[in-house]
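Take the sequence shown: its letter number 37 is residue 37 in the working numbering, and every next letter is one higher.
Below is one structure, written out as structure tokens, with a few remarks after it.
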Amino acid sequence: LINSGFSFLMMMMMISAAVSCYRIEPGTVAGIICADLLLTLIIVVVTYRCARFKRQKLEKGKAFKLTLHCRQKA
Numbered sequence: 001l002i003n004s005g006f007s008f009l010m011m012m013m014m015i016s017a018a019v020s021c022y023r024i025e026p027g028t029v030a031g032i033i034c035a036d037l038l039l040t041l042i043i044v045v046v047t048y049r050c051a052r053f054k055r056q057k058l059e060k061g062k063a064f065k066l067t068l069h070c071r072q073k074a
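Following this line, the structure appears as structure tokens:
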């Protein structure tokens, strides 16, 4: 059991040594992360505003229907 784990580890080390990686500068990584955070924030704000607008529209419609219903009874 220990031998199979060791051989798996050795195999993974040989595979990773054979693969060449592309070097990305830390500034580029930081830029990508900042852009992702900004895009996520924009999506959250737009979604929140759209949902709030739709909820307000529905509440106004319900209030209007309730007002009409109360006027019909009087």
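We treat Cβ as the ideally placed atom computed from N, Cα and C, and that holds for glycine.
Given that a residue counts as buried once 16 or more other Cβ atoms are within 10 Å of its Cβ, and exposed if not, what is residue i?
i	result
I33	exposed
M12	exposed
L1	Since pLDDT at L1 reaches only 47, below the 50 mark, its modelled position is unreliable, and no value is offered.
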